[in-house]
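One structure is given below, encoded as structure tokens.
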Amino acid sequence: VDPGPLLASEGAKRQQALDILAAAVERVTSAGLKVVFDLHGVTQVPAYSMETIYDGADSEGVASYREMVVAVATMLARVGTDKVAFEPYNEPAYYPCDSSGSDDWQRIMADTVRDIRAVSSELTIVATGACGGSIAGLVNLTPGFDDPNLYYSFHMYEPHSFTHQRPDGTGAFASGLPWPADSSTPEKVTETLKAQMDAAGLSPVEQMMNMVAAREAIARYFEHNWGPSQLEASFRQAVDWAEAHGIPSRRLFMGEFGAILMSADGRMGAFDADRLRYLTAVRQQAERFAIPWSVWEFSNPYGMTVIRPEGPAVPDQEMLRALGLP
Numbered sequence: 150v151d152p153g154p155l156l157a158s159e160g161a162k163r164q165q166a167l168d169i170l171a172a173a174v175e176r177v178t179s180a181g182l183k184v185v186f187d188l189h190g191v192t193q194v195p196a197y198s199m200e201t202i203y204d205g206a207d208s209e210g211v212a213s214y215r216e217m218v219v220a221v222a223t224m225l226a227r228v229g230t231d232k233v234a235f236e237p238y239n240e241p242a243y244y245p246c247d248s249s250g251s252d253d254w255q256r257i258m259a260d261t262v263r264d265i266r267a268v269s270s271e272l273t274i275v276a277t278g279a280c281g282g283s284i285a286g287l288v289n290l291t292p293g294f295d296d297p298n299l300y301y302s303f304h305m306y307e308p309h310s311f312t313h314q315r316p317d318g319t320g321a322f323a324s325g326l327p328w329p330a331d332s333s334t335p336e337k338v339t340e341t342l343k344a345q346m347d348a349a350g351l352s353p354v355e356q357m358m359n360m361v362a363a364r365e366a367i368a369r370y371f372e373h374n375w376g377p378s379q380l381e382a383s384f385r386q387a388v389d390w391a392e393a394h395g396i397p398s399r400r401l402f403m404g405e406f407g408a409i410l411m412s413a414d415g416r417m418g419a420f421d422a423d424r425l426r427y428l429t430a431v432r433q434q435a436e437r438f439a440i441p442w443s444v445w446e447f448s449n450p451y452g453m454t455v456i457r458p459e460g461p462a463v464p465d466q467e468m469l470r471a472l473g474l475p
């Protein structure tokens, strides 16, 4: 849910928005499902985007956001604390996530948990680390505010060079990296990319310029030899952090994972077979450690979707199999 309209309103207007959201949540819970209510900031209106919370823990923007969070928590508690979980932040920035960074995000997250707990001791909260909600951000968080009804989110898009294969410039190409890396070679990826550029009618000069950037990314990906062992190491970081703080891994939450599907023109994304192998590998790692998960997403223009990207809105059966779903 975009928090922008809630941040932009107050009084009766905000209550009207909250009532609409409550009705939407109840439509889902009435079907026997539970809801993770995620405040997911967008950038269309910068004044009410996540930028509002990036001026430090003591800023007016953070105070306004926390006040809005209390209103949402109050609404969700009325819907039913046995039916919903509340994730008040999505992929917060506050880089870097090491000793050179500030303690602003630590304070914001801890204060927000206290705000919600003042509303309800039973509402499930999903906390997150900084640095885009990554594992690096999670392990930099000190969960002094922990309680048994609190989950800790991280998003898994590692390596980003595989999951988000898309070019920077208009008309450029960046696609075809395999999963795992050792299932192909840099030469094969380069040949495939060149064939796709030929098919698209790029001139030799355009192809040459594109390959200058692409070759570096391809070489770096294969140099790291991305595969199951690196995925396991990333998950281990999260699990080790949880264990160090006495938190069972079942209270970690992989709130997002996914990979861009190759576009019809071959300009971006992974081949479907590679995408499906990646999704399977990530899902299995999470389940190995008893970590609940949520995939990104139901519908998405980049093929990161559980329904088929084209035609009628029907499930992508191959993707469902990769997710271990019937």
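My numbering applies: residue 150 is where the sequence shown begins, and numbers increase by one.
Just so it is clear, CB atoms sit at the ideal spot from N, CA and C, and this is done for glycine as well.
Nothing here was measured: the structure is a model prediction, and the numbers come from that model.
Which residue's Cα is closest to the Cα of residue i: the options?
i      : options                           : result
Met258 : Leu225, Tyr244, Gly229 and Val211 : Val211
Val262 : Ser310, Ala285, Gly250 and Glu216 : Glu216
Ser269 : Val233, Thr223, Leu155 and Phe447 : Thr223
Thr273 : Ala234, Leu287, Asp252 and Asp264 : Ala234
Ala391 : Arg163, Ala419 and Ile440         : Ile440
Asn550 : Ser352, Pro327 and Ala435         : Missing from the structure shown is residue 550; the chain here goes from 150 to 475 and no further.
Ala267 : Phe294, Glu200, Phe371 and Asp151 : Phe294
Ala157 : Phe186, Tyr214, Ala172 and Thr178 : Tyr214
Ala161 : Asp260, Ala366, Ala220 and Asp204 : Ala220
Leu170 : Gly460, Pro308, Ala348 and Pro154 : Pro154
Gln255 : Lys232, Cys280 and Glu271         : Cys280
Pro241 : Ala285, Thr230 and Leu225         : Ala285
Gln434 : Gln379, Phe447, Ala422 and Gly415 : Gln379
Pro297 : Glu271, His304 and Arg416         : Glu271
Arg437 : Phe447, Arg385, Gly318 and Asp151 : Arg385
Arg470 : Glu459, Asp421 and Ser383         : Asp421
Leu188 : Leu167, Gln314 and Ala344         : Leu167
Val338 : Gly320, Asp317, Glu365 and Gly350 : Glu365
Glu355 : Phe447, Asp423, Asp331 and Gly320 : Gly320
Val361 : Ala419, Met199, Leu342 and Ala348 : Leu342
Ser412 : Val388, Ile265, Arg315 and Asp389 : Arg315
Ser332 : Thr454, Asp423 and Ala393         : Asp423
Ala349 : Asp414, Ala387 and Thr178         : Asp414
Quick one: using the 10 Å Cβ neighbour count with 16 as the cut-off for buried, is residue i buried or exposed?
i      : result
Asn289 : buried
Arg400 : buried
Thr277 : buried
Pro353 : exposed
Arg432 : buried
Leu225 : buried
Val191 : exposed
Thr291 : exposed
Pro152 : buried
Gly404 : buried
Leu299 : buried
Phe447 : exposed
Write down the C-beta distance between residue i and residue j rounded to the nearest angstrom, noting that I regard them as a contact closer than 8 Å.
i      : j      : result
Ala430 : Pro377 : 6 Å
Val185 : Ser443 : 7 Å
Phe322 : Met358 : About 11 Å separates the two Cβ atoms, so there is no contact after all.
Phe311 : Tyr197 : Going by Cβ atoms, the distance from Phe311 to Tyr197 rounds to 33 Å, so no, they are not a contact pair.
Pro308 : Tyr370 : 7 Å
Val218 : Asp264 : 6 Å
Pro329 : Ala368 : Pro329 to Ala368, Cβ: 16 Å. No contact.
Pro461 : Val455 : With 8 Å as the limit, Pro461 and Val455 do not qualify as a contact, their Cβ atoms being about 14 Å apart.
Ala387 : Leu287 : 6 Å
Is the beta carbon of residue i less than 8 Å from the beta carbon of residue j?
i      : j      : result
Trp445 : Gly407 : yes
Tyr301 : Ile202 : no
Gly452 : Leu410 : yes
Glu236 : Val194 : no
Ser324 : Arg416 : yes
His313 : Ser283 : no
Ala206 : Asp247 : no
CB of residue i to nearest heavy atom of the ligand NAD: below 7 Å?
i      : result
Met224 : Absence of the ligand NAD is noted for the structure shown, with no ligands found whatsoever.
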